[in-house]
Amino acid sequence: DAKTTQPPSMDCAEGRAANLPCNHSTISGNEYVFWYRQIHSQGPQYIIHGLKNNETNEMASLIITEDRKSSTLILPHATLRDTAVYYCIVRAPNDYKLSFGAGTTVTVRA
Amino acid sequence: NAGVTQTPKFQVLKTGQSMTLQCAQDMNHEYMSWYRQDPGMGLRLIHYSVGAGITDQGEVPNGYNVSRSTTEDFPLRLLSAAPSQTSVYFCASRQTGRYEQYFGPGTRLTVT
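Here it is in structure tokens:
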């Protein structure tokens, strides 16, 4: 499995965009980038995934660099409810395992 | 849809006891899995199943058994509980051909 590197923590002001970086320099050509988050004491929640192109859904945007060695998750207008641990994961389509690292603890402040 | 449900929410066991953690999903997902999360750490895969009658080991399978007799249910059995199995256990499911996994609310297990 390709490993990912994320900052351990970051703060964000409510209403501002939160940009969460992730390095995955050993990613293979068929591996997707996934983002999940885990709000305190709850099960992880799927946010978004992508292969090469930038992706956007109702929760977030995912920007993947052209060389695919890093990506950024963007929460466009952070709210207090976005306070959580965010996990960046790379996974091949036929890989049944999601390898969760330590993630980034995001704290949104009023 | 109820999604992924897990019972019980909390459980305390004595060393050597056995028990079964229940997981059910009503989304007709073929793929189901069990993870454990120790304090301050990410999730680790215990066992997974790609359909009824098919199971396989994850990265930390020792001390746990699973079976998958129906699409809906995927119970996790602790054979002889040990303090090292104190953790939060999450069940997840996924539709074949799709990438997003849905997680249950977790079972918090303490072994004394």
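So the sequence lines, in the order shown, correspond to chains A and B. Numbering-wise (our numbering), the first sequence opens with residue 1 and increments by one. Numbering-wise (our numbering), the second sequence opens with residue 111 and increments by one. Glycine included, every Cβ here is placed at the ideal spot set by N, Cα and C.
Alpha carbon to alpha carbon, how far is residue i from residue j?
{"i": "T196 (chain B)", "j": "V122 (chain B)", "result": "9 angstroms"}
{"i": "P76 (chain A)", "j": "A17 (chain A)", "result": "4 angstroms"}
{"i": "S179 (chain B)", "j": "A162 (chain B)", "result": "5 angstroms"}
{"i": "S194 (chain B)", "j": "E66 (chain A)", "result": "43 angstroms"}
{"i": "N19 (chain A)", "j": "C88 (chain A)", "result": "13 angstroms"}
{"i": "K3 (chain A)", "j": "K124 (chain B)", "result": "37 angstroms"}
{"i": "V114 (chain B)", "j": "Y158 (chain B)", "result": "15 angstroms"}
{"i": "R208 (chain B)", "j": "A192 (chain B)", "result": "36 angstroms"}
{"i": "P215 (chain B)", "j": "S25 (chain A)", "result": "33 angstroms"}
{"i": "A78 (chain A)", "j": "G15 (chain A)", "result": "5 angstroms"}
Under 9 angstroms Cβ-Cβ, which residues of chain B neighbour residue i?
{"i": "L98 (chain A)", "result": "S143, Y145, L153, L155, A202 and Q211"}
{"i": "G29 (chain A)", "result": "Near G29 (chain A) there are no residues of chain B at all, since even the closest Cβ is about 16 angstroms away, more than 9 angstroms."}
{"i": "Y32 (chain A)", "result": "Y209"}
{"i": "F84 (chain A)", "result": "Residue identity differs from the one stated: residue 84 (chain A) is Ala in this sequence, not Phe. The contacting residues do not exist; A84 (chain A) stays about 13 angstroms from chain B at best."}
{"i": "A102 (chain A)", "result": "G150, M151 and G152"}
Within this structure, are the beta carbons of residue i and residue j separated by less than 7 angstroms?
{"i": "N30 (chain A)", "j": "A92 (chain A)", "result": "yes"}
{"i": "L73 (chain A)", "j": "L62 (chain A)", "result": "yes"}
{"i": "N172 (chain B)", "j": "R187 (chain B)", "result": "no"}
{"i": "R48 (chain A)", "j": "N57 (chain A)", "result": "Contrary to the premise, residue 48 (chain A) reads as Ile rather than Arg in this sequence. Yes. Within cutoff."}
{"i": "T104 (chain A)", "j": "P44 (chain A)", "result": "no"}
{"i": "F213 (chain B)", "j": "A202 (chain B)", "result": "yes"}
{"i": "V106 (chain A)", "j": "M10 (chain A)", "result": "yes"}
{"i": "Y145 (chain B)", "j": "L155 (chain B)", "result": "yes"}
{"i": "T217 (chain B)", "j": "Y199 (chain B)", "result": "yes"}
{"i": "C133 (chain B)", "j": "Q147 (chain B)", "result": "no"}
{"i": "Y32 (chain A)", "j": "Y46 (chain A)", "result": "no"}
{"i": "I39 (chain A)", "j": "R68 (chain A)", "result": "no"}
Please look up how many angstroms separate the CB atoms of residue i and residue j, rounded, as I've assumed it's under 8 angstroms.
{"i": "C12 (chain A)", "j": "V108 (chain A)", "result": "5 angstroms"}
{"i": "T181 (chain B)", "j": "E210 (chain B)", "result": "With a Cβ gap of about 18 angstroms, T181 (chain B) and E210 (chain B) do not count as contacting."}
{"i": "L153 (chain B)", "j": "F34 (chain A)", "result": "At roughly 13 angstroms, the Cβ-Cβ gap does not stay under 8 angstroms, so L153 (chain B) and F34 (chain A) are not in contact."}
{"i": "S190 (chain B)", "j": "S128 (chain B)", "result": "6 angstroms"}
Give the residues of chain B in contact with residue i, contact being defined as C-beta atoms less than 8 angstroms apart.
{"i": "A92 (chain A)", "result": "By Cβ distance, chain B contributes nothing, its closest Cβ being about 11 angstroms from A92 (chain A), past 8 angstroms."}
{"i": "Y87 (chain A)", "result": "G152"}
Using a Cβ cut-off of 8 angstroms, pull out every chain A residue sitting near residue i, in sequence order please.
{"i": "Y158 (chain B)", "result": "Y96 and K97"}
{"i": "P118 (chain B)", "result": "Ordered by position in chain A, no residue passes the 8 angstroms Cβ test against P118 (chain B), which lies about 15 angstroms from the chain."}
Residues of chain A with CB under 9 angstroms from residue i, in chain order?
{"i": "G161 (chain B)", "result": "Result: empty, since nearest Cβ-Cβ is about 12 angstroms, beyond 9 angstroms."}
{"i": "G168 (chain B)", "result": "Y96 and K97"}
If the cut is a Cβ gap below 7 angstroms, which residues of chain A does residue i touch?
{"i": "P215 (chain B)", "result": "Q42 and G43"}
Proximal residues, the stretch 42 to 72 of chain A versus chain B, C-beta separation under 8 angstroms
So the close ones are Q42, G43, P44, Q45, Y46 and H49.
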